[in-house]
Amino acid sequence: MSHKLRVGELQALYLTEEQIWRTFTTILTTRSKKSATYKYGLLKAMIENLYQVDEKEVVTYEQLAYSFAKIYWNLVIHHGLEQGTSGSAVVNRLIEIQREEGIPKDITFDKLDATIQVKATTRIKTVMKTNVFGALYGDTQGSFYAFDHKEERFQFNRAVLSFMRKYQLLMVDLVNYHMAKMIEKLNDVPHINYLLEKVESIAKRSTLKPFERVLLQYFEKSCFYCGKHLNKGQAKTHVDHFIPWSFVQSDQLWNLVLTCSHCNTSKNDKLPVRDYLSLVVERNEVLVGHQEIVTQNQHLMNYKEEKMIHLYDYSIQNGYENIWLP
Ligand SMILES: [Zn+2]
1 MSHKLRVGEL QALYLTEEQI WRTFTTILTT RSKKSATYKY GLLKAMIENL YQVDEKEVVT
61 YEQLAYSFAK IYWNLVIHHG LEQGTSGSAV VNRLIEIQRE EGIPKDITFD KLDATIQVKA
121 TTRIKTVMKT NVFGALYGDT QGSFYAFDHK EERFQFNRAV LSFMRKYQLL MVDLVNYHMA
181 KMIEKLNDVP HINYLLEKVE SIAKRSTLKP FERVLLQYFE KSCFYCGKHL NKGQAKTHVD
241 HFIPWSFVQS DQLWNLVLTC SHCNTSKNDK LPVRDYLSLV VERNEVLVGH QEIVTQNQHL
301 MNYKEEKMIH LYDYSIQNGY ENIWLP
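Take the sequence shown: its letter number 242 is residue 242 in UniProt numbering, and every next letter is one higher.
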């Protein structure tokens, strides 16, 4: 009964890629007893936090619960996919909040008031302690991560963390596909493509405005790539994911830059030419130099220059070879 565990220690420190692939394939394709989509939800939350770990490969329960709450809110409330597990604790907690607060169903998670997001994260964290962390830990024979309910810390196996970063794009596609497949079985929906599109977007924010406001407080109103001044009107300010969103699957201030609409549109899903990497690293040095932003953005807390460089190199390895120049 591994999901009842309160602490799980790492059972295997040294894993080969082959061993990780084998475990990964097994957890993706085996239907769990409760046929819940939790394991996919946790894997998605892990992917979203691959670059948020501290120097000991640790992320907090808070970070994972936030991602998990967002993923399920968008799936269950926003898209109305109850995933067939109407008795499931995650679904129930979110429906409770939506009803208590009288929130319209089409609202996405990132549009919720911060206090509601905190409420949802806290409640989901409790469910994850009972139903999620121990379950996937058991499914992986304790080889992927260690966890501790009391300290609320989740520690990646270093080998698994490197593996997930290295094959991130493939991970994302595999998890999304299997999650969609399971939801398809549990819901009355037209076709798996209908679902895949939704699952692919549940981690995505509908607006990057809050990040734009923060960046505008500290940096000149000009395009990160071409330097053009961003006036109102024709040169509207855009927020661009330096490393494409389709790869990082998350929105972190250290990966977001202000651009003009022309650069943002023409760059699209491409990686900028390497010269910009040192510029974004410099820019981030300035960001983390402001203690007040770091306090407000827990995502900056574990930012390291090396992570940005690795991320850039991993995106090339994952097939982002079409390099963009402004
Ligand atoms: Zn530009």
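A virtual CB, placed ideally from N, CA and C, is assigned to each residue, including glycine.
Span separating the alpha-carbon of residue i from that of residue j
{"i": "methionine 1", "j": "phenylalanine 147", "result": "At methionine 1, the pLDDT of 49 sits below 50, so the modelled position is not reliable and the matter cannot be decided from this model."}
{"i": "arginine 22", "j": "lysine 39", "result": "16 Å"}
{"i": "leucine 43", "j": "cysteine 263", "result": "33 Å"}
{"i": "threonine 29", "j": "glutamate 184", "result": "14 Å"}
{"i": "leucine 5", "j": "histidine 149", "result": "9 Å"}
{"i": "cysteine 226", "j": "asparagine 322", "result": "19 Å"}
{"i": "phenylalanine 144", "j": "valine 59", "result": "14 Å"}
{"i": "alanine 159", "j": "lysine 181", "result": "28 Å"}
{"i": "tyrosine 137", "j": "methionine 46", "result": "13 Å"}
{"i": "tyrosine 14", "j": "isoleucine 20", "result": "10 Å"}
{"i": "glycine 142", "j": "lysine 236", "result": "49 Å"}
{"i": "serine 206", "j": "aspartate 113", "result": "14 Å"}
{"i": "glutamate 151", "j": "glutamate 62", "result": "11 Å"}
{"i": "alanine 120", "j": "aspartate 106", "result": "16 Å"}
{"i": "phenylalanine 109", "j": "glutamine 117", "result": "7 Å"}
{"i": "serine 266", "j": "tyrosine 276", "result": "16 Å"}
{"i": "valine 91", "j": "glutamate 282", "result": "42 Å"}
{"i": "phenylalanine 133", "j": "tyrosine 194", "result": "29 Å"}
{"i": "glutamine 291", "j": "aspartate 188", "result": "49 Å"}
Proximity below 7 Å, CB of residue i to CB of residue j
{"i": "phenylalanine 247", "j": "asparagine 255", "result": "no"}
{"i": "lysine 125", "j": "alanine 36", "result": "no"}
{"i": "valine 127", "j": "alanine 89", "result": "yes"}
{"i": "aspartate 54", "j": "asparagine 297", "result": "no"}
{"i": "leucine 196", "j": "asparagine 318", "result": "no"}
{"i": "valine 257", "j": "phenylalanine 211", "result": "no"}
{"i": "isoleucine 27", "j": "aspartate 139", "result": "yes"}
{"i": "glutamine 252", "j": "histidine 191", "result": "no"}
{"i": "leucine 287", "j": "tyrosine 320", "result": "no"}
{"i": "glutamate 57", "j": "leucine 161", "result": "yes"}
{"i": "arginine 93", "j": "arginine 123", "result": "yes"}
{"i": "cysteine 260", "j": "lysine 228", "result": "yes"}
Buried or exposed (CB count within 10 angstroms, at least 16 for buried), residue i
{"i": "asparagine 268", "result": "exposed"}
{"i": "serine 278", "result": "exposed"}
{"i": "valine 199", "result": "buried"}
{"i": "serine 315", "result": "buried"}
{"i": "threonine 115", "result": "exposed"}
{"i": "glutamate 48", "result": "buried"}
{"i": "asparagine 157", "result": "buried"}
{"i": "histidine 78", "result": "buried"}
{"i": "arginine 213", "result": "exposed"}
{"i": "asparagine 284", "result": "buried"}
{"i": "leucine 325", "result": "exposed"}
{"i": "glutamate 17", "result": "exposed"}
{"i": "glutamine 52", "result": "buried"}
For residue i, three-class secondary structure by DSSP
{"i": "histidine 238", "result": "strand"}
{"i": "histidine 290", "result": "coil"}
{"i": "methionine 1", "result": "Low per-residue confidence applies at methionine 1: pLDDT is 49, beneath 50, and the placement is therefore not dependable, though the value from the model is reported in the following sentence. Looking at methionine 1 - three-state DSSP - the assignment turns out to be coil, as it is neither helix nor strand."}
{"i": "valine 53", "result": "coil"}
{"i": "glycine 110", "result": "At residue 110 the sequence reads aspartate, which differs from the glycine that was named. Reduced to three states, the DSSP call for aspartate 110 is helix."}
{"i": "aspartate 148", "result": "strand"}
{"i": "isoleucine 47", "result": "helix"}
{"i": "glutamine 155", "result": "strand"}
{"i": "serine 222", "result": "strand"}
{"i": "valine 127", "result": "helix"}
{"i": "isoleucine 323", "result": "strand"}
{"i": "proline 210", "result": "helix"}
{"i": "histidine 229", "result": "strand"}
{"i": "glycine 8", "result": "strand"}
Option nearest residue i by Cα separation, candidates the options
{"i": "glutamine 249", "options": "Ile20, Tyr218, Thr108, Ile202", "result": "Ile202"}
{"i": "methionine 171", "options": "Asp313, Met308, Leu50", "result": "Leu50"}
{"i": "lysine 204", "options": "Val273, Thr16, Arg165, Asn74", "result": "Asn74"}
{"i": "glycine 8", "options": "Tyr167, Arg153, Phe109", "result": "Arg153"}
{"i": "tryptophan 245", "options": "Ala12, Val76, Tyr312", "result": "Tyr312"}
{"i": "leucine 186", "options": "Leu208, Gly80, Thr25", "result": "Gly80"}
{"i": "glycine 41", "options": "Arg165, Tyr177, Ile97", "result": "Tyr177"}
Proximity test, Cβ basis, 7 Å: residue i and chain D
{"i": "glutamine 63", "result": "Note that chain D does not occur in the displayed structure, where there is just one protein chain."}
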